[in-house]
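Sequential numbering from 38 applies to the sequence shown in the numbering used here.
Using N, Cα and C, we set each Cβ at its ideal position, and we do this for glycine too.
Below is one structure; the comments refer to it alone.
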Amino acid sequence: MTQALTTHLSPAPPSVLSAFDARWSSVLSMARTVRLCLREARPLVQVMFVLRFVTGALLTASAAHHRPDAPHLLLGAAAWWAATVSVYVFNGVSDLCEDRANRSRRPLASGRLTEEAARRAVAVTALTGLLLSCAAGWRVAEATAVFLALGYAYSAPAIAAKCRSWSASAVTCAAAGTTYLAGVASSGSTLTPEAAVFALVLSLGVGLIAAVAKDLGSTRGDALAGRRTLAVIRGEHSARRFCAASGGALALALTAGALWVHELPLDAAAVVFAVGALCVAGRCLPLRRMGARMRSRHFRAPYRSWMATQYAVHLTALTALIWA
38 MTQALTTHLS
48 PAPPSVLSAF
58 DARWSSVLSM
68 ARTVRLCLRE
78 ARPLVQVMFV
88 LRFVTGALLT
98 ASAAHHRPDA
108 PHLLLGAAAW
118 WAATVSVYVF
128 NGVSDLCEDR
138 ANRSRRPLAS
148 GRLTEEAARR
158 AVAVTALTGL
168 LLSCAAGWRV
178 AEATAVFLAL
188 GYAYSAPAIA
198 AKCRSWSASA
208 VTCAAAGTTY
218 LAGVASSGST
228 LTPEAAVFAL
238 VLSLGVGLIA
248 AVAKDLGSTR
258 GDALAGRRTL
268 AVIRGEHSAR
278 RFCAASGGAL
288 ALALTAGALW
298 VHELPLDAAA
308 VVFAVGALCV
318 AGRCLPLRRM
328 GARMRSRHFR
338 APYRSWMATQ
348 YAVHLTALTA
358 LIWA
């Protein structure tokens, strides 16, 4: 009897424990790779693209007095998130040289995420995005394919639109515009004047402000990589003035559009955008009488102000839809 109990309670063979440990280590390694890929793809940017998609859908559906198809909207948003991750991880792979020269702390540049794992993630997320977009509708699938093509054209070595400010602005503006149009497609409605004005001005903001402001403080690495951005060619002071002027011009454009359309979501968005444009302009002031640490922080200030402005404008427009 004692022998029987001893046999029953004996520990598992070492081979079973080893197999369990190997599988658990594999799961942990995969989870760590996924976390690092998501961080490399910039979480705030991922959320911003999904927010653009949803805003385009809801603005259009509200103006057309049409209730959007929730399953299609959710599938489309998930597809856009996956496509955004694919595009930005690919951008991180292509930016390794510049990021290391600029002493970036991103997972790829710091070596925490391997290039091989990142390339696998690019393929998996791109395929996932395309499959989900097909489930959301053919128009969303077409927009997803265009978005992926624009993202790869921005970073691919043979084309590398990122290497010149004009091409970087054109591609990023088109990518943002495609996001809004994909949202419109998922809503099942046609593009309305309200959504068109909103999408046009905010897309131009991505091309004229974000695409230029993101290069501030990175001129050393960009120049080593052969980039011919505005900050590299004309200097960061000129790039800052360009961002400030673009913000002011776009604020006027959105205000004019709001007065023409005269809908509460667009009116509210125009007010918030004007305040944000002033903040961006203030962050673009010359770097005088600042210590080295303050100068380092101030380099990214215009881009961060623009990102905060985008969030505030989109959330304000969506909130106004509830009250309209």
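The beta carbon of Arg278 is closer than 8 Å to those of Cys321 in its chain, skipping five residues each way along the sequence. DSSP, read as helix, strand or coil, puts Arg176 in helix. Each residue's CA atom was taken as its position, placing Ala98 and Thr229 some 9 Å apart. Contact between Thr92 and Gly220 holds: their C-beta atoms lie close to 7 Å from each other, under 8 Å. In this chain, Val243 is not harboured by any alpha helix (DSSP H), its DSSP state being neither H nor E. Put simply, of Leu352, Gly313 and Phe336 the residue whose alpha carbon is nearest the alpha carbon of Trp343 is Gly313. Beta bridge pairing from DSSP links Arg201 with Arg265. When DSSP states are grouped into helix, strand and coil, Cys321 belongs to the coil group. Residue Ser123 holds the alpha-carbon nearest to the alpha-carbon of Tyr191 among Leu287, Thr151 and Ser123.
For Ser147, the enclosing alpha helix (DSSP H) begins and ends at Pro144 to Ser147. If you compare the alpha carbons of Arg337, Arg69 and Gly258 with that of Ala247, the shortest gap goes to Arg337. Rounded to whole angstroms, Tyr189 and Val238 show a C-alpha spacing of 24 Å.
A check of alpha carbon separations from Leu168 across Ser240, Phe235 and Ala120 identifies Ala120 as the nearest. Proximity to Met85 across Trp118, Ala288 and Cys171 peaks at Trp118, based on C-alpha coordinates. For Ala182, there are no CB contacts under 6 Å within the same chain when 5 residues up- and downstream are skipped. Residue burial is scored here from C-beta neighbours: Gly263 has fewer than 16 other C-beta atoms within 10 angstroms and is therefore classed as exposed.
Residues Val234, Val238 and Leu303 of the same chain have their beta carbon placed closer than 7 Å to that of Gly294, with the five preceding and five following residues left out of the count. In the three-state scheme derived from DSSP, where H, G and I count as helix and E and B as strand, Ile359 is classed as helix. Between the segment 251-260 and the segment 131-141 there are three or more C-beta pairs closer than 8 Å, enough to call the two in contact.
Distance check between Leu287 and each of Val350, Arg341 and Glu300 places Val350 closest, using alpha-carbon atoms only. For Leu95 against Pro108, the beta-carbon gap comes to about 15 Å, at or over 8 Å, which does not count as contact.
Burial is judged here by how many other beta carbons sit within 10 angstroms of a residue's own beta carbon; Arg265 has fewer than 16 and is exposed. Counting along the chain, the unbroken alpha helix (DSSP H) around Pro80 starts and ends at Pro80 to Ala100. Judged by DSSP in its simplified three-state form, Arg137 adopts helix. Taking the Cβ atoms as the reference, Leu245 lies roughly 14 Å from Ala212, outside the contact range of under 8 Å.
Membership of Pro108 in the alpha helix (DSSP H) is indicated by the continuous run Ala107 to Ser131. Distance check between Ala114 and each of Ser224, Leu315 and Leu355 places Ser224 closest, using alpha-carbon atoms only. Going by beta carbons, Ala305 and Thr227 fall outside the 8 Å limit.
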